[in-house]
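Numbering (mature numbering (1 follows the signal peptide of the UniProt record, and there is no 0)), first residue to last: -18 to -1, 1 to 463.
Even for Gly, the Cβ is constructed at its ideal location relative to N, Cα and C.
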Amino acid sequence: MEAPPKHHFLLFPWLALGHIIPFFRLAKRLADAGISVTYLSPPSVFPRLPPLQLPHHQSLITFHPLSLPSIPELPEAATTYDLLPHLQTPFKAAFDALQPLFHTLLPKLSPNLIIHDFTSYWLPQIATTFGIPTVFFSIFNAASMAYLMVPYRFTGKAFPPTAADLTSSPLDFPLSAIYFHPFEAKQQVGAHTFPEPDIPCAERLFRSISNSHMVIIRSCYELEKKYIDYIQENYQSYFKECRGGGDGDKKFLPIGFLPPRLGGEAQWSNDSGSCQKCMDWLDKQPIRSVTYVAFGTECRLNQAQTNAVAIGLEESGFRFLWVRRVPIDGLPEKLPDDFLERVQGRGLIVEEWVPQPNILSHPSIGVFFSHSGTSSVIEGLTAGKRLVLLPMIIDQGLIARLVADEWRAALEIERANLEDGSFTAESVCRAVQRAVSEEDDAKTWSNAKDLQARVFGNTELEKHYLSKFIDCATKLDYSKS
């Protein structure tokens, strides 16, 4: 008989698909290492996760249902994907109202460690009363954290930052290709200025980092060492100056990029049939001939952006599969007149959610045209696809410049106006044509292949980072502070 696991970790993500999936992948990696995991989330989230295929995943990962308290005006919702934008604040209020529940839940579940997200900034304090250490898991990569999430952005005269502040890197930032365009910086200002009683996202994140025993980052030293070191040094200096040296030894560890693995997400089911429709169509297309177009679960293109993408794809002359996000109000932006008729046969448009790793694993996909969200970039590079990037929200502009300008492993679509972020069909067309038609030995695509082999497809490297994290995490002080 096998001995029971020595360690039990509780994982609690923010209820956005871009957070839920990385936490789920981390749960599977921990189970691979023999850690018992409880994954905490509303039950309506669980069907959106890929099935657990491996026996040790099934035996070591437990899904614990959690119901959000009822809040006036807030409909029943599983994730931020299911909400209209103006309901994000009451959704966070419902999330914050979970605090009393954790005082009874933690003794019942009795975890050795809690890994949590930025929204539950209050969880470390509750966990401390039960002698349970907490780890903040940043689903953001290190470059974005270093640019946006160091104390310089949250304290003193630099807070709250203006749009002009955010177009410049923080003090003593390492030599880098990343920066925000003016329109991207303007979007970021809102993260620091949410109306009361909501706590701004930036403040939640800063408290989560400051109050947790350890921070793990979806990154690796091979690609982002200078940014990881910068984050560590900045927080150590802050703790020394503002906390009298407390937390000066807090570790900021890379956990690897947690890419999807064949046999996990590749077997993801889709009851709506949309995934099968895509696969059937892709089966009829030549290898590496199709550009897959998707802009994630959180951003919505406006009408001008929709027109530019559609016409750019049409004028490229190449095959494409476009998975469009249908907003919760059921009113997607219109496609150009007669567009579907003009691209019939070489273009397929799907307006239901489909599991992205399934699509990217298909050999007919050669190019991935996306919003440059962290997970999408990781999935695209892992699958060996050529990336065309059109950043839309949050830190996506930083990611696009990191991958396209610093790693030189992708193309970013040129903006016509950096103040409003507008772009043209011509710029979309040029980028897609270049990505589809260039030879494999072109520098951009040889760089991408190198990253795939050296980092994103390197399972031994990932195991190394996971092992180091587990070693450090299991040595944290479990006694009450």
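- Going by alpha carbons, who is nearest to Leu36 out of Leu22, Ala13 and Phe45? Here residue 36 is taken as the residue at index 54 of the sequence shown, counted from 1. Distances from the alpha-carbon of Leu36 to those of Leu22, Ala13 and Phe45 put Ala13 closest.
- Query: Using the beta-carbon count (16 or more within 10 Å), is Lys90 buried or exposed?
  - Reply: Here residue 90 refers to the residue found at position 108 of the sequence shown. So Lys90 counts as exposed.
- Supposed close pair Phe118, Phe5 - CB separation, criterion 8 Å: On the sequence shown, position 136 is the one that residue 118 refers to. On the sequence shown, position 23 is the one that residue 5 refers to. 12 Å between Cβ atoms; not a contact.
- Item | Exposed unless 16 or more other CB atoms sit within 10 angstroms - verdict on Gly299 | Taking the first residue of the sequence shown as position 1, residue 299 is located at position 317. Burial call: exposed.
- Taking contact to mean at least 3 C-beta pairs separated by less than 8 Å, is the region 330 to 342 in contact with the region 359 to 366? yes
- Task: Could you tell me which residues DSSP pairs with Met127 in its beta bridges?
- Result: As a working mapping, residue 127 is identified with position 145 in the sequence shown. None, per the DSSP bridge assignment.
- Query: Which residue or residues does DSSP assign as beta-bridge partners of Pro236?
  - Reply: Walking along the sequence shown from the start, residue 236 turns up at place 254. DSSP output for Pro236 lists Ile199 as bridge partner(s).
- Message: Which of the three DSSP states is assigned to Leu105 in this structure?
- Response: In the sequence shown, the residue the question calls residue 105 occupies position 123. Three-state DSSP puts Leu105 in a helix.
- Does the pairing of the region 321 to 332 with the region 444 to 454 give three or more beta-carbon distances under 8 Å? no
- Query: In whole angstroms, what separates the C-alpha of Leu66 from that of Asp422?
  - Reply: Start at 1 with the first residue of the sequence shown, and residue 66 comes out as number 84. Start at 1 with the first residue of the sequence shown, and residue 422 comes out as number 440. In a straight line, the C-alpha of Leu66 is about 42 Å away from that of Asp422.
- Message: I believe Ile375 touches Glu223 by the beta-carbon criterion, under 8 Å. Please report the beta-carbon distance rounded to the nearest angstrom.
- Response: The count along the sequence shown starts at 1 and reaches residue 375 at position 393. The count along the sequence shown starts at 1 and reaches residue 223 at position 241. Not a contact, Cβ separation roughly 33 Å.
- Taking the runs of the alpha helix (DSSP H) that are 4 residues or longer, which of them lie wholly in the region 19 to 96? 37 to 42, 70 to 78 and 81 to 91
- Query: Who are the Cβ neighbours of Ser194 in its own chain at under 7 Å, not counting the five residues just before and after it?
  - Reply: For the purposes of this step, residue 194 is identified with residue 212 of the sequence shown, where counting begins at 1. Pro106, Thr116, Val117 and Phe118.
- Message: Whole angstroms are fine: how far does the CA of Ser92 sit from the CA of Pro72?
- Response: Within the sequence shown, numbered from 1, the residue matching residue 72 stands at position 90. Within the sequence shown, numbered from 1, the residue matching residue 92 stands at position 110. When rounded, the distance between both Cα atoms is 30 Å.
- Note down the Cα distance separating Glu58 from Ser23, rounded to an integer number of angstroms. Stepping through the sequence shown from its first residue, residue 58 is reached at position 76. Stepping through the sequence shown from its first residue, residue 23 is reached at position 41. Taking the straight line joining both Cα atoms gives about 14 Å.
- Rounded to whole angstroms, what's the CA-CA distance from Ala292 to Leu372? Just pull it up for me. Within the sequence shown, residue 292 is the residue found at index 310, counting from 1. Within the sequence shown, residue 372 is the residue found at index 390, counting from 1. Approximately 14 Å, taken between the alpha carbons.
- Message: With distance defined between alpha-carbon atoms, name the residue in Pro32, Thr44, Lys208 and Phe451 nearest to Ser18.
- Response: Taking the first residue of the sequence shown as 1, we reach residue 18 at position 36. When C-alpha distances from Ser18 are compared across Pro32, Thr44, Lys208 and Phe451, the shortest belongs to Thr44.
- Item | Distance, Ser419 Cα to Pro268 Cα | Position 286 of the sequence shown, counted from the start, is the residue given in the question as residue 268. Position 437 of the sequence shown, counted from the start, is the residue given in the question as residue 419. Answer to the nearest angstrom: the Cα atoms are 14 Å apart.
- Using beta-carbon positions only, say whether Thr426 and Leu393 come within less than 8 Å of one another. To locate residue 426, count along the sequence shown from 1; it is residue 444. To locate residue 393, count along the sequence shown from 1; it is residue 411. Pairing Thr426 with Leu393 gives a Cβ-Cβ distance under 8 Å.
- Message: Quick check on the DSSP output: the beta strand (DSSP E) that includes Ser120 runs from which residue to which?
- Response: Here the question's residue 120 lines up with position 138 in the sequence shown. In the DSSP assignment, Ser120 falls within the unbroken beta strand (DSSP E) covering Thr116 to Ser120.
- Query: Anyone know if the C-beta pair for Ser354 and Ala398 falls short of 8 Å?
  - Reply: Against the sequence shown, residue 354 aligns to sequence position 372. Against the sequence shown, residue 398 aligns to sequence position 416. The answer is no: Cβ separation not under 8 Å.
- Any idea if residue 464 is buried or exposed, counting beta-carbon neighbours within 10 angstroms, 16 or more meaning buried? This structure leaves residue 464 out entirely; the chain is present only between -18 and 463.
- Query: Which same chain residues, not among the five before or five after Ala76, have their C-beta less than 7 Å away from its C-beta?
  - Reply: In the sequence shown, the residue the question calls residue 76 occupies position 94. Cβ within range, chain order: Leu50, Pro51, Ile53 and Leu56.
- Message: Can you find the residues in the same chain that come closer than 6 Å, C-beta to C-beta, to Trp250, ignoring five residues on each side of it along the sequence?
- Response: As a first step, residue 250 must be located in the sequence shown, where it is residue number 268. In this prediction, Trp250 scores a pLDDT of 49, lower than 50, which makes its location untrustworthy; the coordinate-derived value is nonetheless stated afterwards. Excluding residues within five positions, the ones whose Cβ falls inside 6 Å are Pro32, Pro337 and Asn340.
- Pairwise C-alpha distance: Pro314 and Ala407: Counted from its first residue, the sequence shown places residue 407 at position 425. Counted from its first residue, the sequence shown places residue 314 at position 332. When rounded, the distance between both Cα atoms is 19 Å.
- With DSSP run on the structure shown, which of helix, strand or coil describes Leu(-9)? Translated into the one-based positions of the sequence shown, residue -9 becomes position 10. Looking at Leu(-9) - three-state DSSP - the assignment turns out to be strand.
- Express the C-alpha separation of Phe155 and Ser404 in angstroms, rounding to a whole number. On the sequence shown, residue 404 is found 422 positions in, with the first residue counted as 1. On the sequence shown, residue 155 is found 173 positions in, with the first residue counted as 1. Rounded to whole angstroms, Ser404 to Phe155 spans 29 Å at the Cα level.
- Output the boundary residues of the beta strand (DSSP E) element that contains Ile331. Indexing the sequence shown from 1 puts residue 331 at position 349. Residues Gly329 to Val332.
- Message: Can you give me the C-alpha to C-alpha distance between Cys183 and Gly439, rounded to a whole angstrom?
- Response: Here residue 183 refers to the residue found at position 201 of the sequence shown. Here residue 439 refers to the residue found at position 457 of the sequence shown. Going from the Cα of Cys183 to the Cα of Gly439 covers about 32 Å.
- CA-CA distance, Pro(-14) and Phe451? As a first step, residue -14 is located in the sequence shown; it is residue number 5 there, counting from the start. As a first step, residue 451 is located in the sequence shown; it is residue number 469 there, counting from the start. Answer to the nearest angstrom: the Cα atoms are 17 Å apart.
- Item | Residue of Phe141, Arg30, Asp231 and Ala167 minimising C-alpha distance to Thr61 | Within the sequence shown, numbered from 1, the residue matching residue 61 stands at position 79. Taking only the C-alpha atoms, the option nearest Thr61 is Arg30.
- Residue environment, Pro241, which counts as buried when at least 16 other CB atoms sit within 10 Å: As a working mapping, residue 241 is identified with position 259 in the sequence shown. Result: buried.
- Query: Counting along the chain, where does the beta strand (DSSP E) carrying residue 474 start and finish?
  - Reply: The first residue shown for the chain is -18 and the last is 463, placing residue 474 beyond what the model contains.
- Message: Quick check on this structure: which residue in Thr110, Leu34, Ser271 and Ser352 has the alpha carbon closest to the alpha carbon of Phe84?
- Response: One-based indexing of the sequence shown puts residue 84 at position 102. If we check each option's Cα against that of Phe84, Thr110 comes out closest.
- Pick helix, strand or coil for Thr426, following the three-state DSSP scheme. Sequence index remark: in the sequence shown, residue 426 carries index 444 (1-based). Three-state DSSP puts Thr426 in a helix.
- Query: Should Asn94 be labelled buried (16 or more other beta-carbon atoms within 10 Å of its own) or exposed?
  - Reply: Here the question's residue 94 lines up with position 112 in the sequence shown. Per the 10 Å Cβ criterion, buried.
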